[in-house]
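**Q** The structure follows.
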Amino acid sequence: MKYSVVIGFCLSLLGVLHAQDKKVNNHIYEGNSKVKEASFVDAEKSYRKALSLAPEESKALFNLGNTHYQEEQYDEASQRFFQTQKTASSKNEKHRAFHNLGNVFMQKKEYEKAVEAYKNALRNNPSDEETRYNYALAKELLDKEEPPQEQEQDDNKDNQDQQEKEQEQEQEKDQDKEGDKDSKDQQNQDDQKDEGEESDNEGDPKNEGDQQKDQNQANNPQEEKKQPPKQGELSPQQVQSLLEAMNNQEKEVQDKVNAKKVKGVPVRGKKDW
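Every number in the working numbering is 745 more than the matching position in the sequence shown, counting from 1.
This is the structure we're talking about:
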């Protein structure tokens, strides 16, 4: 008697479940028909009825995600595709859910997330050419995209470098002005000193002989040239020889530097893909 009651209960339960599954499938079928008619609002209603009876029905979740995608409701679509891959029972269903999830992220220009979604799709179906193409495209767009924070840091660094360069130029200008001012002040002091010495020497009997000597030397330049250089001084010929030696040494050093510049760094051959 007990066994018959249990069996009867199980049979009735199976009947209820079968009837419920039939209702779920009917709602999904209705939703698919509405999608073909481009009536996405009605399709969404049908899929939601199916989910009210079976919240983890992967077909209803997946098709509802596609409906949101057609309506450009990308946030809702990504949520449904994510739920689909969690409830899917086969690799094929997981692959399709991750593939469409990647498409959503591509529409939102979230290329890093798209790359990860396509990776997961390929893990479940490595041979799908469309997924492989989308993965390559998402990766290319991600490589071209520079993170905003890094770009902002580069801009700040460029601005800082420009400010430092302008400050250095201003400091150099100020130093040049100060140097010119010091030179003029020194020149004025020297001129004043020379004028003072000349005024002191005027009318001094002790300097008459020196003045006469300077006048004789001015009138007789040949005699001045013939006079030998004083001790510790270089003759004009020695000065000329020293200058020529320094010029030759400087030329040798410059030639060595230029030779090193010409050698440079060897350039390796370019490889084609």
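Built from N, CA and C at the ideal position, the CB exists for glycine as well.
At which residue ranges does the stretch 755-825 contain complete alpha helix (DSSP H) runs of 4 or more residues, listed in the order of the chain?
**A** Runs of the alpha helix (DSSP H) inside the stretch 755-825: 785-798, 803-815.
**Q** Are the stretch 905-917 and the stretch 873-889 touching, with three or more C-beta to C-beta distances below 8 Å?
**A** Judged by Cβ distances under 8 Å, the stretch 905-917 makes no contact with the stretch 873-889, as fewer than three pairs qualify.
**Q** Can you list, in chain order, the residues of its chain with a C-beta nearer than 8 Å to that of GLN818? Leave out the 5 residues immediately preceding and following it.
**A** Around GLN818: no qualifying Cβ.
**Q** Return the chain-ordered list of same chain residues with a C-beta closer than 6 Å to the C-beta of ASP1000, the five sequence neighbours on each side being excluded.
**A** Result list for ASP1000: empty, nothing under 6 Å.
**Q** Under 8 Å by Cβ, that's how I've got VAL849 and ALA883 pegged, so tell me the actual separation to the nearest angstrom.
**A** The pair is not a contact, with the Cβ atoms about 12 Å apart (cut-off 8 Å).
**Q** Give a yes or no on whether 8 Å exceeds the smallest Cβ distance from GLN914 to chain D.
**A** Annotation note: the requested chain D is absent from the structure, which comprises a single protein chain.
**Q** What is the residue span of the alpha helix (DSSP H) that ASP873 lies within?
**A** Premise fails: ASP873 is in no alpha helix (DSSP H) and is neither H nor E.
**Q** For the alpha helix (DSSP H) containing LYS839, list its first residue and its last residue.
**A** Note, LYS839: alpha helix (DSSP H), 836-852.
**Q** Determine whether the beta carbon atoms of LEU796 and PHE826 lie at a separation below 8 Å.
**A** No, these two residues do not count as a Cβ contact at 8 Å.
**Q** Tell me which same chain residues have a C-beta within less than 7 Å of the C-beta of THR832, skipping the five on either side of it?
**A** So the list reads GLU801, SER803, LEU806, once near-sequence residues are dropped.
**Q** Count the other CB atoms within 10 Å of the CB of LEU809; is the residue buried (16 or more) or exposed (fewer)?
**A** Label assigned to LEU809: buried.
**Q** Cα-Cα, which of LYS779, GLU874, GLU855, ASN993 is closest to GLU890?
**A** Of the candidates LYS779, GLU874, GLU855, ASN993, the one whose C-alpha sits nearest the C-alpha of GLU890 is GLU855.
**Q** Beta-carbon separation of ASP787 and LYS779 under 8 Å?
**A** The answer is yes: Cβ separation under 8 Å.
**Q** Ordered along the chain, which non-local residues of its own chain (more than five positions away) have a Cβ less than 6 Å from that of GLN957?
**A** Note that GLN957 scores 45 on pLDDT, short of 50, meaning its location in the model is unreliable and no value can be drawn from it.
**Q** Assuming ASP873 and HIS840 make a contact with CB atoms under 8 Å, what is their CB distance in whole Å?
**A** Right, the Cβ-Cβ distance comes to about 7 Å (below 8 Å), so this counts as a contact.
**Q** Leaving out five residues before and five after GLU989 in sequence, what residues of the same chain have Cβ atoms less than 8 Å from its Cβ?
**A** Within the same chain, GLU989 has no close Cβ partners at all.
**Q** Helix, strand or coil: which one does DSSP assign to LEU979?
**A** Reduced to three states, the DSSP call for LEU979 is coil.
**Q** Buried or exposed: where does TYR714 fall if 16 or more other Cβ atoms within 10 Å of its Cβ makes it buried?
**A** Any question about residue 714 goes unanswered here, given that the chain covers just 746 to 1018.
**Q** By the three-class DSSP mapping on this structure, what secondary structure does ALA833 have?
**A** Coil, per DSSP.
**Q** Which term fits VAL1047, buried or exposed, when burial requires 16 or more other beta carbons within 10 angstroms of its beta carbon?
**A** Residue 1047 is absent from the model: the chain starts at 746 and stops at 1018.
**Q** Only counting the same chain, and skipping five residues up and downstream in sequence, which positions put a Cβ closer than 8 Å to that of VAL769?
**A** Excluding sequence neighbours, VAL769 sits near ALA795, LEU798, ALA799, GLU802, ALA805.
**Q** If I measure Cβ to Cβ from PRO950 and keep anything under 7 Å in the same chain, skipping five residues before and after, which residues do I get?
**A** For PRO950, the predicted model reports a pLDDT of 44, less than 50, meaning its position is unreliable; a value from the coordinates is still stated below. Nothing listed; no residue qualifies.
**Q** Buried or exposed, going by whether 16 or more other CB atoms sit within 10 Å of the CB of ALA783?
**A** Burial call: exposed.
**Q** Could you tell me the boundaries of the alpha helix (DSSP H) in which GLU861 lies?
**A** Counting along the chain, the alpha helix (DSSP H) containing GLU861 begins and ends at 856-869.
**Q** So for GLU890, helix, strand or coil by DSSP?
**A** Coil at GLU890, not helix or strand.
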